[in-house]
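Following: one structure in structure tokens, then a few remarks.
Number of protein chains: 2
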Amino acid sequence: MASQPIDVHIREVGPRDGLQNEPPIATDQKIELINALSRTGHQRVEAVSFVHPKAIPQMADADEVWSKVDRNPDVLYSALIPNLRGLQRAIDAGFKEVNVVLSASDTHNRANLNRPTEDSVAELDALVELAHANDVFIELVIATSFGCPFEGDTDPKRVAGIVERAEAAGIDRIAFGDTTGMGTPKRVKDLLEAVDTNLPRLMHFHNTRGTALANIMVALDYGVDQFDASVGGLGGCPYAPGASGNVATEEVVHMLHDMGYNTGIDLDKLLEVAEMAEEMVGHELPSGVYKAGPRTRLVERS
Amino acid sequence: MASQPIDVHIREVGPRDGLQNEPPIATDQKIELINALSRTGHQRVEAVSFVHPKAIPQMADADEVWSKVDRNPDVLYSALIPNLRGLQRAIDAGFKEVNVVLSASDTHNRANLNRPTEDSVAELDALVELAHANDVFIELVIATSFGCPFEGDTDPKRVAGIVERAEAAGIDRIAFGDTTGMGTPKRVKDLLEAVDTNLPRLMHFHNTRGTALANIMVALDYGVDQFDASVGGLGGCPYAPGASGNVATEEVVHMLHDMGYNTGIDLDKLLEVAEMAEEMVGHELPSGVYKAGPRTRLVERS
Chain A
1 MASQPIDVHI
11 REVGPRDGLQ
21 NEPPIATDQK
31 IELINALSRT
41 GHQRVEAVSF
51 VHPKAIPQMA
61 DADEVWSKVD
71 RNPDVLYSAL
81 IPNLRGLQRA
91 IDAGFKEVNV
101 VLSASDTHNR
111 ANLNRPTEDS
121 VAELDALVEL
131 AHANDVFIEL
141 VIATSFGCPF
151 EGDTDPKRVA
161 GIVERAEAAG
171 IDRIAFGDTT
181 GMGTPKRVKD
191 LLEAVDTNLP
201 RLMHFHNTRG
211 TALANIMVAL
221 DYGVDQFDAS
231 VGGLGGCPYA
241 PGASGNVATE
251 EVVHMLHDMG
261 YNTGIDLDKL
271 LEVAEMAEEM
281 VGHELPSGVY
291 KAGPRTRLVE
301 RS
Chain B
1001 MASQPIDVHI
1011 REVGPRDGLQ
1021 NEPPIATDQK
1031 IELINALSRT
1041 GHQRVEAVSF
1051 VHPKAIPQMA
1061 DADEVWSKVD
1071 RNPDVLYSAL
1081 IPNLRGLQRA
1091 IDAGFKEVNV
1101 VLSASDTHNR
1111 ANLNRPTEDS
1121 VAELDALVEL
1131 AHANDVFIEL
1141 VIATSFGCPF
1151 EGDTDPKRVA
1161 GIVERAEAAG
1171 IDRIAFGDTT
1181 GMGTPKRVKD
1191 LLEAVDTNLP
1201 RLMHFHNTRG
1211 TALANIMVAL
1221 DYGVDQFDAS
1231 VGGLGGCPYA
1241 PGASGNVATE
1251 EVVHMLHDMG
1261 YNTGIDLDKL
1271 LEVAEMAEEM
1281 VGHELPSGVY
1291 KAGPRTRLVE
1301 RS
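Top line first, the protein sequences correspond to chains A and B.
With our numbering, you'll find the first sequence wraps up at 302, consecutive numbering, no jumps.
With our numbering, you'll find the second sequence wraps up at 1302, consecutive numbering, no jumps.
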């Protein structure tokens, strides 16, 4: 009897985390990108974020984008939010899943959210209460889980402490954010050893230093089956111009399918969307599988 | 008692496999590159190849390059050769280590070496005899070990058969070449399960589809401790313009050091050589650690 492939769940973050780190594109193009991604077999798409438009002008049109998307009933769309105000906007817009973000690093939390980590953690009870009162699934994203560009290494115990409080608050899932590509196989192992939780775990890796797929291998060994990825590798690194950001969805899907995992995603369709995304942002995207094609694509001998 | 780091041996292939896939650069620059790499703590540098200049014009000046290099006594320099004629040239030039290459795939062997794989394998006895008569260490590189761009997947049993004959012929080490980046964690595992040998094993991975560091993780699990890598990720993919070739040495060293392995290489010095290599070839190199800096390099909060 052949062994059954195991399902791995990919969340497409190109329209949100990807575009957030690219020069702004037109509202219509964002809608077109989300619609195209929704036809690739993707089951989860992070569509927009409800953040202050002064902080992230790329997401100022979130309400308009979301109101005009052709929503595919087979796709679960989510929105990223920084606080209660963002959650209310997401609820008002009709989202049934949100990801609230905070940073394990205090300096990064202050830079990103203008308050210390503790203040963000203290808000989790109210966030969960409001979300669940509206039948909204709420994930906590712990940014800088593997290191902070200002502070350096993140102590896995500090992350574990945040997870414990999130679980007590009633958060539905934990995402570990490798915000600036400081994750390595060692850091992933140390974190997953340190964090003791019954909550579903999701890994958000950046490929800034080439380690993303190696990190995913380690996480799979620890039973993690949920990963973020960005079409074409859309989105760069805010602290290193020209460097890569989010791991490219095609590279994740290509490796996982080769290993016998099932993602539900049609790689050929996804590669077409990568081409579309590259045209939208007007510069080369870093995805290796997009540039070279899948390993199964043969060359004619000249 | 703290655990001791384990040694991993990196061979720098930028001057050979890297430059072979770049537009030609001046002889003086090649010498400068090899000299600079020899001062990074690298213990092994693949300096040149002795191939027919019509096949690879980038290596036509191999004799001149090698005669003018400032040879560091702490560095073991090697040359790649395709056949007996190349071996004689390497011996005449004074090399004490050579890597003879053949392809597991017949179509690739014909394209690269103008003869079927079997003819290359049949020459191994004579190659070993000539090498050892001259106190030269001889490695066999099995190109297309994980897949062929013309034929597709490579049967690990076919590779295992070549290894068996190489061992019988007296070859000193086996290198498995991921010639066009078709290696994946699954393919690496399948190959290392299939190949039963007492010879030292070396892995030559390309990062064309993002999997190189994940592949290295798998190989480490199988006890492999020798890897090829190219400074800056020098050298592209001959079948996919713009795509990556050899895994960048900085990315390998950066991950291994973080995991507690010792390579003897000074990453900061290596990054300076990556910058030099980028200037020489005149285009952006793909190394993420070169672009973004090591994970330990912090950012000032603005």
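We treat Cβ as the ideally placed atom computed from N, Cα and C, and that holds for glycine.
Every value quoted in this text rests on a predicted model; they were computed, and no experiment measured them.
State yes or no: is the beta carbon of residue 1030 (chain B) nearer than 7 Å to at least one beta carbon in chain A?
On the second sequence, position 30 is the one that residue 1030 (chain B) refers to. Residue 1030 (chain B) does not count as touching chain A.
Verify the CB distance criterion: does residue 253 (chain A) have a CB-CB separation below 7 Å to chain B?
By 1-based counting over the first sequence, the position of residue 253 (chain A) is 253. No, its Cβ sits nowhere closer than 7 Å to a Cβ of chain B.
Considering only the alpha carbon of each residue, which of B:1170, B:1028, B:1055 lies closest to residue 1021 (chain B)?
The count along the second sequence starts at 1 and reaches residue 1021 (chain B) at position 21. Nearest in C-alpha terms to residue 1021 (chain B), of all of B:1170, B:1028, B:1055, is B:1055.
Determine the direct distance from the alpha carbon of residue 288 (chain A) to that of residue 1234 (chain B), and round the result to whole angstroms.
By 1-based counting over the second sequence, the position of residue 1234 (chain B) is 234. By 1-based counting over the first sequence, the position of residue 288 (chain A) is 288. About 15 Å.
So, is residue 157 (chain A) buried or exposed, given that buried needs 16 or more other C-beta atoms within 10 angstroms?
Here residue 157 (chain A) corresponds to residue number 157 of the first sequence, with the count starting at 1. Under this definition residue 157 (chain A) is an exposed residue.
In chain B, which residues lie with their C-beta within 8 Å of the C-beta of residue 295 (chain A)?
As a position in the first sequence, residue 295 (chain A) is number 295, starting the count at 1. Those are 1147, 1181, 1182, 1184, 1209, listed as they occur along chain B.
For residue 1254 (chain B), is the classification buried or exposed, using 16 other Cβ atoms within 10 angstroms of its Cβ as the cut-off for buried?
For this step, residue 1254 (chain B) is matched to residue 254 along the second sequence. It counts as buried.
Anything in the segment 1241 to 1272 of chain B with a Cβ closer than 9 Å to a Cβ of chain A? List those residues in chain order, please.
The residues in question are 1241, 1242, 1243, 1244, 1247, 1248, 1250, 1251, 1252, 1254, 1255, 1258, 1259, 1260.
With burial defined as no fewer than 16 other Cβ atoms inside 10 Å of the residue's Cβ, what is the status of residue 1187 (chain B): buried or exposed?
Walking along the second sequence from the start, residue 1187 (chain B) turns up at place 187. Flag for residue 1187 (chain B) reads buried.
Residue 214 (chain A) CB to nearest chain B CB: under 7 Å?
Indexing the first sequence from 1 puts residue 214 (chain A) at position 214. Cβ-Cβ to chain B under 7 Å: yes for residue 214 (chain A).
Measuring straight from C-alpha to C-alpha, what distance separates residue 1295 (chain B) and residue 182 (chain A)?
Sequence index remark: in the second sequence, residue 1295 (chain B) carries index 295 (1-based). Sequence index remark: in the first sequence, residue 182 (chain A) carries index 182 (1-based). Rounded to whole angstroms, residue 1295 (chain B) to residue 182 (chain A) spans 5 Å at the Cα level.
Just tell me which of A:25, A:53, A:30, A:37 has its CA closest to the CA of residue 10 (chain A).
By one-based count along the first sequence, residue 10 (chain A) stands at place 10. Just measuring C-alpha positions, the residue of A:25, A:53, A:30, A:37 sitting nearest residue 10 (chain A) is A:37.
For residue 1091 (chain B), does the count of other Cβ atoms within 10 angstroms reach 16, so buried, or fall short, so exposed?
Within the second sequence, numbered from 1, the residue matching residue 1091 (chain B) stands at position 91. It counts as buried.
For residue 1001 (chain B), which residues in the same chain have their Cβ closer than 8 Å to its Cβ, ignoring the five residues on either side in sequence?
Here residue 1001 (chain B) refers to the residue found at position 1 when the second sequence is read from its first residue. No answer about residue 1001 (chain B) holds up, because its pLDDT of 43 lies below 50 and its placement is not dependable.
Residue 16 (chain A): buried (16+ other C-beta within 10 angstroms of its C-beta) or exposed?
Here residue 16 (chain A) refers to the residue found at position 16 of the first sequence. Buried.
What span of residues does the alpha helix (DSSP H) with residue 86 (chain A) cover, start to end?
Here the question's residue 86 (chain A) lines up with position 86 in the first sequence. Note, residue 86 (chain A): alpha helix (DSSP H), 84 to 93.
Would you check if the distance between the CB atom of residue 286 (chain A) and the CB atom of residue 244 (chain A) is smaller than 7 Å?
Here residue 286 (chain A) corresponds to residue number 286 of the first sequence, with the count starting at 1. Here residue 244 (chain A) corresponds to residue number 244 of the first sequence, with the count starting at 1. Yes, the Cβ-Cβ distance between residue 286 (chain A) and residue 244 (chain A) is below 7 Å.
In the DSSP assignment, find the unbroken beta strand (DSSP E) run with residue 175 (chain A) in it and report its ends.
Here residue 175 (chain A) is taken as the residue at index 175 of the first sequence, counted from 1. Its beta strand (DSSP E) spans residues 173 to 177.
For residue 1084 (chain B) and chain A, any beta-carbon pair shorter than 7 Å?
Within the second sequence, numbered from 1, the residue matching residue 1084 (chain B) stands at position 84. Closer than 7 Å to the CB of residue 1084 (chain B) there is not a single CB belonging to chain A.
Can you list, in chain order, the residues of the segment 1148 to 1171 of chain B whose Cβ is nearer than 9 Å to any Cβ on chain A?
1148, 1149, 1150, 1151, 1152, 1153
Could you pull the start and end residues of the alpha helix (DSSP H) that residue 79 (chain A) belongs to?
As a first step, residue 79 (chain A) is located in the first sequence; it is residue number 79 there, counting from the start. Counting along the chain, residue 79 (chain A) falls outside any alpha helix (DSSP H), though it belongs to the beta strand (DSSP E) covering 76 to 81.
Find out if the Cβ-Cβ distance for the pair residue 1050 (chain B), residue 1060 (chain B) is shorter than 7 Å.
In the second sequence, residue 1050 (chain B) corresponds to position 50, counting from 1. In the second sequence, residue 1060 (chain B) corresponds to position 60, counting from 1. Not closer than 7 Å, so no.
Return helix, strand or coil for residue 1136 (chain B), following the three-state DSSP convention.
Within the second sequence, residue 1136 (chain B) is the residue found at index 136, counting from 1. Residue 1136 (chain B) carries a coil assignment under DSSP once its states are collapsed to helix, strand and coil.
Using DSSP bridges, identify the partner residues of residue 1012 (chain B).
What you label residue 1012 (chain B) is simply residue 12 of the second sequence in a count that begins at 1. In the DSSP secondary-structure assignment, residue 1012 (chain B) is bridged to B:1045, B:1229.
Pull up the distance between the alpha-carbon of residue 1225 (chain B) and that of residue 1204 (chain B), whole angstroms please.
In the second sequence, counting from the first residue as 1, residue 1225 (chain B) sits at position 225. In the second sequence, counting from the first residue as 1, residue 1204 (chain B) sits at position 204. Straight-line Cα distance between these residues: approximately 12 Å.
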